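A.B. asks: Mind looking over this structure? Questions follow.
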Amino acid sequence: MLPFYIEKLETDQDEFGWGIWMIIKYEEKQIIGDVMIKGKPLNGVVEFSYHVVKELGDDGLAFEAVEAMMDWFMQLHGVQSFLTECEAHDQKAIRLLERLGMKCTDKDGEFLYWELHHAVSE
Numbered sequence: 016m017l018p019f020y021i022e023k024l025e026t027d028q029d030e031f032g033w034g035i036w037m038i039i040k041y042e043e044k045q046i047i048g049d050v051m052i053k054g055k056p057l058n059g060v061v062e063f064s065y066h067v068v069k070e071l072g073d074d075g076l077a078f079e080a081v082e083a084m085m086d087w088f089m090q091l092h093g094v095q096s097f098l099t100e101c102e103a104h105d106q107k108a109i110r111l112l113e114r115l116g117m118k119c120t121d122k123d124g125e126f127l128y129w130e131l132h133h134a135v136s137e
């Protein structure tokens, strides 16, 4: 994934920040997962996914990483809505997305689709 992102940045510097973000366990200086931003916002909407290596991470770090990413994009880039998906049987992911305030909007076979909309303050 990183080689693809680096290649993309080499051809378009505007892609910086709109790709992969590493989740690092600071004390151990160890990459334990990632948050992937799937392109620049379209009409204030960003789609993302996340992954944490089960043996290395915990739900608290995943929550902290995704929440920080969402806050950053809302404050600096005017993102108003976030979309993601998870496997229907992944209870940890479901709990994390609910804790973030996301709402499940659809189910398609093995996947649940989630949205979070923030009101824009004037």
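The sequence shown begins at 16 in our numbering and counts up by one.
Glycine residues also receive a C-beta, built at the ideal position from the N, C-alpha and C atoms.
Treat the numbers as computed from the prediction; the structure is a model and nothing was measured.
(1) Less than 8 Å separating the beta-carbons of residue 83 and residue 65?
(2) Let me make sure I understand the geometry here. Which of 117, 67, 46 has the alpha-carbon closest to that of residue 98?
(3) Can you have a look at residue 87 and say buried or exposed, based on whether 16 or more other CB atoms are within 10 angstroms of its CB?
(4) Using a 10 Å radius around the Cβ and a threshold of 16 neighbouring Cβ atoms, would you call residue 85 buried or exposed?
(5) Thinking just about the alpha-carbon of each residue, which of 81, 26, 120 is nearest to the one in residue 114?
(6) Can you round the beta-carbon distance between residue 50 and residue 96 to whole angstroms, since I take them to be within the 8 Å contact cut?
C.D. replies: This is what the structure gives:
(1) Here residue 83 refers to the residue found at position 68 when the sequence shown is read from its first residue. Here residue 65 refers to the residue found at position 50 when the sequence shown is read from its first residue. Between residue 83 and residue 65, the C-beta spacing is not below 8 Å.
(2) In the sequence shown, residue 98 corresponds to position 83, counting from 1. Measuring from the Cα of residue 98, the nearest candidate turns out to be 117.
(3) What you label residue 87 is simply residue 72 of the sequence shown in a count that begins at 1. Its Cβ having fewer than 16 others within 10 Å, residue 87 is exposed.
(4) As a first step, residue 85 is located in the sequence shown; it is residue number 70 there, counting from the start. Around the beta carbon of residue 85, 16 or more other beta carbons sit within 10 angstroms, so the residue counts as buried.
(5) Locating residue 114 in the sequence shown gives position 99, counting from the first residue. Checked all of 81, 26, 120; the closest Cα to residue 114 is 81.
(6) Reading the sequence shown from its first residue, position 35 is the one you call residue 50. Reading the sequence shown from its first residue, position 81 is the one you call residue 96. Incorrect: roughly 16 Å between the Cβ atoms, too far for contact.
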